Every structure is written in structure tokens, then in C-alpha cells.
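Q:
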Amino acid sequence: MYTLTIAELSAGLRARRFSSVELTRALLERIARFNPHLNAFLTVTADEALAAAQRADQELQAGRGSPLTGVPIAHKDIFCTRGIRTSCGSKILDNFVSPYDATVVTRLKEAGTVLLGKTNMDEFAMGSSNETSFYGPVRNPWDPKRVPGGSSGGSAAAVAARLVPAATGTDTGGSIRQPAALTGIVGLKPTYGRVSRYGMIAFASSLDQGGVLALTAQDAALLLGVIAGFDPRDSTSVEVPVPDYVAALEAPLKGLRIGLLKEFFDEGLERECGERVRGALEVFRSLGAELREVSLPALPLSVPTYYVVAPAECSSNLSRFDGVRFGHRCQNPRDLLDLYMRTRGEGFGAEVKRRIMTGTYVLSAGYYDAYYLKAQKVRQLISDDFRRAFEQVDVLMGPTSPTAAFEIGAKTDDPITMYLNDIYTIGANLAGLPAVSVPCGFVADLPVGLQIIGPVFSEAKLLNAAYQYQKETDWHRRLPRGYD
Amino acid sequence: MSLTRTDVENIARLARLEITESELAEYVGTLSRIINFVEQLNAADTGDVEPMAHPLSGQTQRLRADEITERDKHELYQKNAPQVEAGLYLVPKVIE
């Protein structure tokens with residue numbers, strides 16, 4: 000049961016081959032068995048899950064419900080969940096019980112899903128390895144010495160280990176796609192504005208976007224159809240109709256124009272990872288797609304652009320954590336300044352403080368034009384490069400990550416080394432574009448991901464391409480050793 | 000460019016972050032490296048490029064009617080507050 004995709008679980012539930020309660024119990028048992036080792040879940044909501052599963056079974060018995068009724072899921076602990084602790088991986092929110100649900104949470108609840116719990120993550124989503132979490136690193140199910148990627152590392156590890164068939168994530172610079180690649184699953188980052196950010200704790204508001212991690216593109220399509228759409232509570236949510244993502248999966252790929260991102264096949268890309276990605280491109284060619292090389296000259300400036308824009312926005316967003324209205328407060332503050340300084344000094348971890356300070360510096364008087372304004376101009380150049388590329392091709396393809404999963408502790412000494420993990424993913428965030436990572440092979444028993452980037456609101460095309468590729472391959476069916 | 004200890008102390012104070020002596024030394028090093036790293040942007044020719052204001056071109060932020068849409072839920076929200084009294088958030092004395 001636990002190896003099935005959402006589409007298969009949905010069919011099994013409707014055919015009464017198993018009930019949602021049976022399924023939920025089985026997965027809760029797996030979580031109890033594997034999570035102490037993986038550290039993928041921060042909170043397990045067993046009682047609420049069983050109650051929701053019971054309600055789902057009643058719905059199904061009455062012949063009602065949606066395709067997701069009774070299907071278990073997990074939420075990254077960045078999504079506010081009413082009555083359930085929402086920590087964002089931080090000590091400063093260790094005691095925070097959200098009084099409301101994020102829109103993504105509400106929509107998946109209304110679709111009848113069963114929430115199993117909240118997943119571990121880099122603190123405030125600032126990290127690419129899940130090592131900045133206040134609650135400790137997550138292990139990669141493919142190799143316990145290695146990271147699962149980040150920041151949605153808990154969601155990725157939980158899905159890869161088959162503790163839950165799918166989980167939500169957020170992607171500011173690659174935080175859905177990179178962990179999906181490093182754990183051998185599908186990760187979809189939608190177009191900026193496609194999925195409501197209401198109740199999704201903000202890191203960098205012009206880059207953050209919620210999405211999903213699942214085993215297949217088909218499952219991602221099912222979930223996106225539920226969470227996408229206009230939300231008046233998010234002022235950046237876009238009023239664009241939500242297409243039928245599932246119906247679009249079956250379109251043949253003949254004539255699809257694929258651009259190979261020249262800048263992604265650089266010296267930083269590990270040779271064998273590059274070979275797996277090129278192997279995947281050949282599969283697309285065999286399906287009738289046309290491949291051509293495309294160059295985006297400004298793209299190599301993505302990482303430095305991001306490390307001005309994202310910290311700037313984070314320093315502003317995280318000013319709300321002041322020890323007054325919610326979250327951690329220091330003991331016996333002398334005065335208000337002492338209250339702010341010690342609360343934040345104690346509550347935030349090292350990387351979050353580093354980014355707040357970077358952001359404070361680039362926004363400070365005398366430096367704003369040199370750093371922030373300059374970065375926003377380069378961001379426009381990168382966005383223009385993508386726009387021009389999509390005049391020639393339908394989608395762009397390349398690796399998701401320059402290497403397979405690295406060892407825990409290998410990159411924690413130098414922040415720049417860690418930042419460069421996201422060299423292939425950040426571009427899509429800067430330009431607001433949708434992108435998906437699909438498993439495309441293994442290097443030394445570690446998964447590798449293929450990234451597909453499309454123009455704004457082209458999620459249906461991306462999922463169509465990923466789905467057709469998965470029909471030809473079985474990388475997503477492989478289980479990490481010890482989890483079968 | 001390289002940041003000094005005084006620079007980092009000032010930034011931390013602006014950001015309302017208390018940092019320890021050992022953190023300070025670390026941040027002088029890593030923040031300097033990050034600033035050096037992002038300075039490669041200076042090499043980009045951005046001549047008459049307009050700074051990007053929104054990830055989606057042509058999008059502007061919507062305005063809504065200035066009408067009350069939310070009920071008063073301060074008791075619910077204040078359950079998360081470190082210190083409240085009579086519906087008010089308590090902080091250390093600001094004015095003597």
C-alpha cells in the first residue's frame with residue numbers, strides 16, 4: 000500500500016481494496032518505525048489523521064468525495080495549520096500554535112486529504128541541505144550519511160521513504176526541486192502567484208512559491224489542481240483560470256521544442272550527473288521532441304542576484320519576530336531594545352542571522368543603490384533572457400542540481416559553497432517561472448534530477464512532459480534500501 | 000570589500016540581533032565573503048535597464064475595498080503571546 004502513488008491510492012480507496020483508516024494506520028506505523036532515524040517529521044498528528052480518515056471513509060462509502068478523499072499527505076512546517084504547532088524549523092516559533100490555516104492547507108483539507116503531520120525544514124526555509132533546522136538535520140533515505148537537500152528536506156525524505164505519498168513544500172531558490180532531485184522524487188514549483196502564499200510563513204516574498212513533492216508528475220498534477228487558484232487573501236495571487244492538469248498529461252510530445260540550457264552544462268556540473276541528464280534528453284528525443292541548445296547569458300549571475308534580493312526581503316519579513324506578539328521571548332528583558340535583541344539573538348539560528356544581516360547591509364543607507372537596485376536590474380536581465388528563450392522553445396531542460404546528495408556537514412563551513420548548490424534552480428525563482436524536477440537516474444546509488452522550466456503558467460506542459468518521461472522510465476519506482 | 004568588526008556590530012544592532020563574541024568573529028568573515036561574492040554583479044552592464052518590480056511582467060498589486068472583512072479574534076491570537084494582560088500585549092516599561 001505504501002508504495003502506491005496518489006492516483007493508485009485514490010483508485011484503491013474507491014474500489015474498497017483498503018480503507019483510508021487502514022492506509023493511515025499503515026503509514027503512521029511506518030512513520031513511528033522510520034522517523035526516529037530520518038527526522039523527516041517534526042510533528043505527527045496521529046489522532047487528527049485517524050479522525051480525518053474515518054470521515055473520508057464515510058464520504059467514500061456514500062459515493063461522495065474528490066479524487067484526493069482519504070489520501071494521506073504531510074505539510075512542510077512553514078504552512079500554518081490551525082491548532083497544530085507551526086515551527087518553521089526555528090526555535091523562535093518552537094511554541095507557536097497557529098490560530099489559522101494557510102490557504103493551501105484549507106484547500107487540501109476541503110479536498111478530503113488526511114494530514115499525517117508537519118515536516119522538517121531548514122530554518123525559515125534558508126538552506127539547501129536541511130542542516131539549518133533547529134530540530135536537527137534530516138537523513139537522506141538513500142544514504143543516512145547524506146543530506147536530503149533543502150529547504151523542503153523533511154517533505155522530500157518522507158515521500159522518498161514512502162512514509163507519505165506526497166507532501167507540500169515551498170521554493171524560494173530551489174527548495175522544492177533540489178530536495179526532490181536529491182531524494183529521487185518529483186518536485187513542482189509553480190509560477191509565482193499560481194498558489195496562494197496566505198499562511199505560508201514568508202522568507203522572500205517576491206520569490207516564495209508553494210508547491211508539491213510527490214512520486215509522479217501525475218500526482219503533482221492532481222495536487223496542483225487543488226492548491227492552485229486565485230486567493231483574495233494573497234495580494235500577489237493571480238486571477239488566471241486553473242486548467243485541468245490531469246487531462247493535459249496525455250498529450251503526445253511530438254514536436255515539443257526543448258531548449259538545452261547551455262549555461263547549466265558548465266564545469267560545475269558533476270560529469271556523471273550530466274550524463275544522466277543527457278540520457279533523459281535522449282528519451283525526449285525518442286518521443287518526438289526537438290532538442291536545440293539555448294544560451295541565457297545573464298543566467299550565471301543568478302546566485303549573486305539572489306543573495307542580494309532574498310536576504311533583503313528576509314530581513315524585512317523577519318522583523319515581525321520581536322518577542323511581543325508570538326514566539327520565543329528572552330528571560331527578564333531590561334528594556335525594549337534588550338527584549339528585541341536577545342529574543343532574536345536566542346531565537347534565530349546562525350544562517351538566519353547571517354541572511355538577516357546580509358539583507359540589512361544591502362538595504363542600508365548608502366548601499367541600497369549599489370546592491371539592491373543593481374540586483375533588481377540584473378534580475379530583469381535574467382528574466383528577459385528567459386523571455387527571449389521561450390520565443391524559440393517550449394520548455395528549457397537541464398540538471399536540477401550540480402551533484403547528487405552530499406554528506407551531512409560537508410558544506411556547512413562556507414556559506415558560498417552551500418549557496419552554489421542552487422545555481423541551476425534560482426533562475427526560475429528570479430523570473431517567476433514554473434519548473435519541475437523529475438528523477439532521471441542514479442549516480443553511485445544516489446538519485447539525479449532532470450529540471451524542466453517553462454514560461455509563466457505552463458505547469459500543464461511541464462507536467463505533461465514529466466509524465467510522458469515517467470511512462471518511459473521507472474526511476475521513480477525504485478525504493479531506497481531498507482524502506483521496502 | 001571587507002567588513003570590520005565595527006561594521007558587523009552596527010549591522011547586528013540595526014537588525015536587532017544580539018550576537019556573541021565568537022559569532023561576531025565568524026560573521027566578519029562570512030559576511031565579507033558574501034558581499035565580495037555579490038559584487039560580481041557590478042560587472043553586468045545594466046545601462047538603462049529598469050529594476051524589476053514584480054516577477055510577472057505587467058502585474059500590479061490589487062487593491063481591495065476598504066471594508067471590514069475580519070472579525071475581532073484578539074483572544075485567539077493572544078494565546079500565542081508571551082505576556083498579555085486585559086487584552087494588551089505587555090513589554091518592558093518604555094516611558095518612566
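Protein sequence lines, in the order shown, are assigned to chains A and B. Take 0 as the starting number for the first sequence in numbering that gives the first Met the number 0 and just add one per residue. Take 0 as the starting number for the second sequence in numbering that gives the first Met the number 0 and just add one per residue. Every residue gets a Cβ at the ideal spot worked out from N, C-alpha and C, and that includes glycine. Bear in mind the structure is a predicted one, so any value in this text is a computation, not a measurement.
1. If you reduce the DSSP assignment to three classes, tell me which class G183 of chain A lands in.
2. With a threshold of 9 Å between beta carbons, is A52 of chain B in contact with chain A?
3. Verify the CB distance criterion: does T424 of chain A have a CB-CB separation below 9 Å to chain B?
4. Give the secondary structure of Q67 of chain B by DSSP, where H, G and I count as helix, E and B as strand, and everything else as coil.
5. Shortest alpha-carbon distance to A73 of chain A belongs to which of A:R176, A:L162, A:Y99 and A:N129?
6. Suppose only complete runs of 3+ residues qualify. What are the beta strand (DSSP E) ranges in the segment 236-324 of chain A, listed by chain order?
7. E205 of chain A versus chain B: which residues are under 7 Å apart at the beta carbon?
8. Taking beta-carbon pairs under 8 Å, can you tell me which members of the segment 182-205 of chain A lie near chain B?
9. Quick one: list the residues of chain A neighbouring E49 of chain B, beta-carbon separation under 8 Å, in chain order.
10. What do you reckon, are the CB atoms on G168 of chain A and G209 of chain A nearer than 9 Å?
11. DSSP puts H74 of chain A in a beta bridge; with which residues?
12. By alpha-carbon positions, which one of A:R477, A:N94 and A:T102 ends up nearest to C79 of chain A?
13. In chain order, what are the residue ranges of uninterrupted alpha helix (DSSP H) at least 4 long that sit wholly in the segment 381-452 of chain A?
14. By the 10 Å Cβ neighbour count, where 16 or more other Cβ atoms means buried, how is Q82 of chain B classified, buried or exposed?
15. Between T402 of chain A and T68 of chain B, what straight-line distance do the alpha-carbon atoms span, to the nearest angstrom?
16. Cβ closer than 8 Å: which chain B residues qualify as neighbours of F95 of chain A?
17. Tell me the DSSP secondary structure of R61 of chain B in three-state form.
18. Closer than 6 Å by C-beta to E406 of chain A: which residues in its own chain qualify, once you throw out the five before and the five after it? Chain order, please.
19. Residues of chain B with CB closer than 7 Å to the CB of T359 of chain A, please, in chain order.
20. Whole angstroms is fine: what's the gap from A43 of chain B's alpha carbon to A309 of chain A's?
21. If you reduce the DSSP assignment to three classes, tell me which class I83 of chain A lands in.
22. I'd like to check one pair, V392 of chain A with R500 of chain A: are the Cβ atoms closer than 9 Å?
23. Would D334 of chain A count as contacting chain B if we go by Cβ distances under 9 Å?
24. Tell me whether G434 of chain A is buried or exposed, calling it buried when 16 or more other Cβ atoms sit within 10 Å of its Cβ.
25. Going by C-alpha distance, which of A:S400, A:Y466 and A:L295 is nearest F283 of chain A?
26. What are the boundary residues of the beta strand (DSSP E) that T167 of chain A is part of?
27. Take G287 of chain A and list the residues in its own chain whose beta-carbon comes closer than 6 Å to its own, dropping the five residues that flank it on each side.
28. In chain order, what residues of the same chain have a beta carbon less than 6 Å from the beta carbon of K117 of chain A, not counting five sequence neighbours either side?
29. Determine the contact status of S97 of chain A and T105 of chain A, defining contact as a CB-CB distance below 9 Å.
30. Are A156 of chain A and I30 of chain A closer than 9 Å when you measure CB to CB?
31. At what residues does the beta strand (DSSP E) containing G209 of chain A begin and finish?
32. Provide the residue span of the alpha helix (DSSP H) that contains F36 of chain B, from first to last.
33. My output table needs one value for K188 of chain A: the three-state DSSP class, helix, strand or coil.
34. Is D421 of chain A close to chain B, meaning its C-beta is less than 9 Å from at least one C-beta of that chain?
35. Exposed or buried, what is Y244 of chain A when buried is set at 16 or more other beta-carbons lying within 10 Å of its beta-carbon?
36. Compare the C-alpha of A427 of chain A against each of A:S132, A:F389, A:P414 and A:E312 and name the closest.
A: If we stick to the structure as given:
1. Here G183 of chain A sits in coil by DSSP.
2. Interface residue, yes.
3. No, no contact with chain B.
4. Residue identity check: residue 67 of chain B is Ile in the sequence provided, not Gln. Looking at I67 of chain B - three-state DSSP - the assignment turns out to be coil, as it is neither helix nor strand.
5. Ranking A:R176, A:L162, A:Y99 and A:N129 by CA distance to the CA of A73 of chain A puts A:L162 first.
6. Inside the segment 236-324 of chain A, DSSP marks whole beta strand (DSSP E) runs of 3 or more residues at positions 256-260 and 289-293, from first to last along the chain.
7. Here the sequence assigns Ser to residue 205 of chain A, which means Glu is not the residue at that position. Simply P54.
8. Cβ contacts with chain B come from T190, Y191, G192 and S205.
9. Within chain A, the residues placing a beta-carbon under 8 Å from that of E49 of chain B are K376 and Q379, ordered along the chain.
10. In terms of Cβ geometry, G168 of chain A and G209 of chain A form a close pair [threshold 9 Å].
11. Partner(s): A:K117.
12. Selected option, being the one with the closest Cα: A:T102.
13. DSSP assignment within the segment 381-452 of chain A yields the following whole alpha helix (DSSP H) runs of 4 residues or more, N-terminal first: 414-418 and 425-430.
14. Q82 of chain B counts as exposed, since fewer than 16 other beta carbons sit within 10 angstroms of its beta carbon.
15. So the alpha carbons of these two residues sit roughly 49 Å apart.
16. Simply N79.
17. In the structure shown, R61 of chain B sits in coil (DSSP, three-state: anything other than H, G, I, E or B).
18. Cβ neighbours of E406 of chain A beyond the five flanking positions: K144 and R145.
19. Within chain B, the residues I10, L13 and A14 have their CB atoms less than 7 Å from the CB of T359 of chain A, given in chain order.
20. A43 of chain B and A309 of chain A have their alpha carbons spaced roughly 19 Å apart.
21. In the structure shown, I83 of chain A sits in a strand (DSSP, three-state: E or B).
22. A question about residue 500 of chain A goes unanswered here, because the residues of chain A that appear run from 0 up to 483.
23. Yes, D334 of chain A lies at the interface with chain B (some Cβ there is under 9 Å from its Cβ).
24. For the sequence presented, residue 434 of chain A should be read as Ala rather than Gly. Buried is the call here.
25. Ranking A:S400, A:Y466 and A:L295 by Cα distance to F283 of chain A puts A:Y466 first.
26. Annotation for T167 of chain A: the continuous beta strand (DSSP E) segment containing it runs A165 to T169.
27. Answer for G287 of chain A: L252 and K253, listed in chain order.
28. The answer, listed in chain order, is L41, T42, H74 and D76.
29. Contact flag unset, no.
30. No, the Cβ-Cβ distance between A156 of chain A and I30 of chain A is not below 9 Å.
31. G209 to A213 is the span of the beta strand (DSSP E), which, as asked, contains G209 of chain A.
32. That run of the alpha helix (DSSP H) goes E20 to V37.
33. Reduced to three states, the DSSP call for K188 of chain A is strand.
34. The C-beta of D421 of chain A comes no closer than 9 Å to any C-beta of chain B.
35. Here Y244 of chain A is buried. Its C-beta has 16 or more other C-beta atoms within 10 Å.
36. Nearest option by C-alpha distance: A:F389.
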